[in-house]
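Residues 1 to 334 (UniProt numbering) make up the sequence shown, in order. Note that beta-carbon positions come from the ideal geometry of N, C-alpha and C, so glycine has one too.
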Amino acid sequence: MKMSRGASFRSWSLRWVVLLICFVGGKSQLTTDFYSTSCPNVLSIVRKQVQNAIKAEMRMGASLLRLHFHDCFVNGCDGSVLLDGSDGEKFAGPNLNSARGFDVVDNIKTAVESSCSGVVSCADILAIAARDSVLLSGGPTWKVPLGRRDGLVANQTGSNNGLPAPFDPLDTIISKFAAVGLNVTDVVALSGGHTIGLARCATFSNRLFNFSANSGSDPTLDTTMTSDLQSLCPVNGDGNKTTALDRNSTDLFDNHYFKNLAVNKGLLSSDQVLYSGDSSTASSTTKSLVESYGSNPNLFITDFTNSMIKMGSISPLTGSNGEIRKNCRVVNSS
Ligand code: HEM
Ligand SMILES: *[C@@H]1O[C@H](CO)[C@@H](O)[C@H](O)[C@H]1NC(C)=O
Ligand SMILES: *[C@@H]1O[C@H](CO)[C@@H](O)[C@H](O)[C@H]1NC(C)=O
Ligand SMILES: *[C@@H]1O[C@H](CO)[C@@H](O)[C@H](O)[C@H]1NC(C)=O
Ligand SMILES: *[C@@H]1O[C@H](CO)[C@@H](O)[C@H](O)[C@H]1NC(C)=O
Ligand SMILES: *[C@@H]1O[C@H](CO)[C@@H](O)[C@H](O)[C@H]1NC(C)=O
Numbered sequence: 001m002k003m004s005r006g007a008s009f010r011s012w013s014l015r016w017v018v019l020l021i022c023f024v025g026g027k028s029q030l031t032t033d034f035y036s037t038s039c040p041n042v043l044s045i046v047r048k049q050v051q052n053a054i055k056a057e058m059r060m061g062a063s064l065l066r067l068h069f070h071d072c073f074v075n076g077c078d079g080s081v082l083l084d085g086s087d088g089e090k091f092a093g094p095n096l097n098s099a100r101g102f103d104v105v106d107n108i109k110t111a112v113e114s115s116c117s118g119v120v121s122c123a124d125i126l127a128i129a130a131r132d133s134v135l136l137s138g139g140p141t142w143k144v145p146l147g148r149r150d151g152l153v154a155n156q157t158g159s160n161n162g163l164p165a166p167f168d169p170l171d172t173i174i175s176k177f178a179a180v181g182l183n184v185t186d187v188v189a190l191s192g193g194h195t196i197g198l199a200r201c202a203t204f205s206n207r208l209f210n211f212s213a214n215s216g217s218d219p220t221l222d223t224t225m226t227s228d229l230q231s232l233c234p235v236n237g238d239g240n241k242t243t244a245l246d247r248n249s250t251d252l253f254d255n256h257y258f259k260n261l262a263v264n265k266g267l268l269s270s271d272q273v274l275y276s277g278d279s280s281t282a283s284s285t286t287k288s289l290v291e292s293y294g295s296n297p298n299l300f301i302t303d304f305t306n307s308m309i310k311m312g313s314i315s316p317l318t319g320s321n322g323e324i325r326k327n328c329r330v331v332n333s334s
């Protein structure tokens, strides 16, 4: 039977619309009820393990939140950060001597496997554990989109090049976020993750001595805080010594991180630059976001939550891509 010109056109348009929906949908194939029949207790199992870990050491909430971030920025949220091996991401600059929580992830995985074997990915475990860590640190909660599968390779170069460094100029930080589909609002809201946790002297000591030809220390660092940090992190001291990212409320997930920035009390250069700015044209946008989050905790929480879901949706492996790792540290074939 011969179709009329109009019917044929409509049938073509329909095909394109279907294709377009599939394509756009590819970015958000994750669903919050992904394990509702295959592993109905996964959320409570993870919650309990994170609770135990945080009870043993409050900082672990921060460490688990950071692992999810370091996973998602490298080859998408695919559990690649968890893979062992000398060519792994654990040995990349942003993780070496600082990424932690791998034992806790092992414990969570063991508990999940004993209830539903071979079903839940390590990448999803990181996403749930990050959410639980924020909640159990006094922050907000949200429904975590799930259904990520685990990657088959680690990417040490990707970790070295893709993750922002604390010494990066604002433009560089913004372009590293843009490279994974995150914008300036996401940069500032997610930097609020530094409301909990610690950082090593090696990540900010460049601000303390010989900062520039004219000045011994970073002029955008509060002078009392400068002296405190100079004694904590002396020249040739232990670069692994740690101090709070948010000195006001180290273990509490609140908006104090942003209030600190407005009084030059950001610990990392990458924190303070969001408020104090540099030559970057985006400085005024980040500064006004910092001010908004500092004065409006609910706005911070709304934006942080949205940005966490966005970050958690970076290039997930779904369908038959990747695998469900049995052990988060190694791919199944090995
Ligand atoms: C904006 C760019 C970012 C930079 C330059 C950056 C850099 C850093 C650095 C240098 C540390 C300390 C690491 C060490 O001691 O060696 C750190 C810790 C941390 N970061 Fe970030 N970060 C950024 C964004 C984020 C994001 C998006 C999150 C999560 C939403 C996050 C969560 C954390 C947490 C929770 C800690 C403390 C971890 C712990 O105590 O174990 N960071 N970050
Ligand atoms: C590693 O990440 C980079 C992006 O930083 C990407 O171009 C490259 O294809 C990745 N390599 C592997 C093996 O996944
Ligand atoms: C960033 O993206 C979110 C949507 O994901 C949007 O609401 C927000 O306005 C964007 N921010 C900027 C600065 O473009
Ligand atoms: C600072 O610079 C001076 C002169 O270049 C040098 O002698 C000194 O060792 C430097 N101090 C630090 C802490 O790097
Ligand atoms: C931190 O400790 C590790 C070993 O635990 C050591 O190899 C490294 O040199 C130390 N880093 C700094 C900056 O002191
Ligand atoms: C935290 O900030 C509040 C004011 O916002 C202040 O009252 C409190 O003393 C600060 N706490 C610390 C430990 O700095």
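Proximity to residue i [Cα-Cα], best of the options
i: residue 332; options: 133, 84, 231; result: 84
i: residue 86; options: 79, 96, 78; result: 96
i: residue 165; options: 138, 125, 142, 206; result: 206
i: residue 231; options: 32, 184, 208; result: 208
i: residue 140; options: 325, 314, 307; result: 307
i: residue 66; options: 101, 303, 34; result: 101
i: residue 158; options: 261, 46, 70, 305; result: 70
i: residue 199; options: 68, 270, 129, 185; result: 270
i: residue 79; options: 127, 291, 258, 222; result: 127
i: residue 225; options: 93, 302, 260; result: 260
i: residue 309; options: 210, 211, 48, 77; result: 77
i: residue 244; options: 234, 265, 55; result: 265
i: residue 183; options: 311, 298, 137; result: 311
i: residue 176; options: 287, 163, 293; result: 163
i: residue 34; options: 115, 91, 236, 144; result: 144
i: residue 113; options: 173, 304, 43; result: 43
i: residue 55; options: 121, 137, 91; result: 137
i: residue 125; options: 106, 274, 91, 296; result: 106
i: residue 192; options: 267, 179, 220, 326; result: 267
i: residue 160; options: 132, 91, 322; result: 91
i: residue 64; options: 30, 117, 130, 122; result: 130
i: residue 262; options: 255, 275, 250, 328; result: 275
i: residue 188; options: 315, 251, 292, 49; result: 292
i: residue 314; options: 186, 134, 116, 49; result: 186
i: residue 123; options: 155, 72, 117; result: 72
Residues that DSSP places opposite residue i in a beta bridge
i: residue 146; result: 31
i: residue 200; result: 242
i: residue 323; result: 150
i: residue 330; result: 327
With 16 other Cβ atoms within 10 Å as the buried cut-off, status of residue i
i: residue 319; result: exposed
i: residue 330; result: exposed
i: residue 5; result: With a pLDDT of 48 at residue 5, under the threshold of 50, the modelled position of this residue cannot be trusted; read the value that follows with caution. Exposed, because fewer than 16 other Cβ atoms sit within 10 Å of the Cβ of residue 5.
i: residue 40; result: exposed
i: residue 181; result: exposed
i: residue 239; result: exposed
i: residue 99; result: buried
i: residue 51; result: exposed
i: residue 218; result: buried
i: residue 281; result: exposed
i: residue 335; result: A question about residue 335 goes unanswered here, because the residues of the chain that appear run from 1 up to 334.
i: residue 37; result: exposed
i: residue 53; result: buried
i: residue 279; result: exposed
i: residue 253; result: buried
i: residue 89; result: buried
i: residue 303; result: buried
i: residue 61; result: buried
i: residue 151; result: buried
i: residue 81; result: buried
i: residue 132; result: buried
i: residue 31; result: exposed
i: residue 195; result: buried
For this session: Taking 7 angstroms as the limit, tell me which residues put their C-beta closer than that to any heavy atom of ligand 3, in chain order.
Result: With 7 angstroms as the limit between CB and the heavy atoms of ligand 3, the residues that fall short of it are 183, 184, 185, 186, 285, 306, 310.
Problem set entry | Minimum length 3: unbroken beta strand (DSSP E) runs contained in the segment 232-317 | The qualifying runs are 242-244.
Problem set entry | Residues with C-beta closer than 6 angstroms to any heavy atom of ligand 2, in chain order | Having a Cβ closer than 6 angstroms to some heavy atom of ligand 2 are 75, 153, 155, 157, 158, 161, 162.
Exercise. Listed by chain order, which residues have C-beta atoms less than 6 angstroms from any heavy atom of ligand 5?
Worked result: Qualifying residues come out as 97, 202, 238, 239, 240.
Exercise. What runs of the alpha helix (DSSP H), each 4 residues or longer, lie entirely inside the segment 93-166?
Worked result: Counting only runs of at least 4 residues, the segment 93-166 fully encloses the following alpha helix (DSSP H) elements, listed from N- to C-terminal order: 102-115, 122-136, 156-162.
Problem set entry | Ordered list of alpha helix (DSSP H) runs contained in the segment 41-67, each at least 4 residues | Fully enclosed alpha helix (DSSP H) runs of 4 or longer: 42-56.
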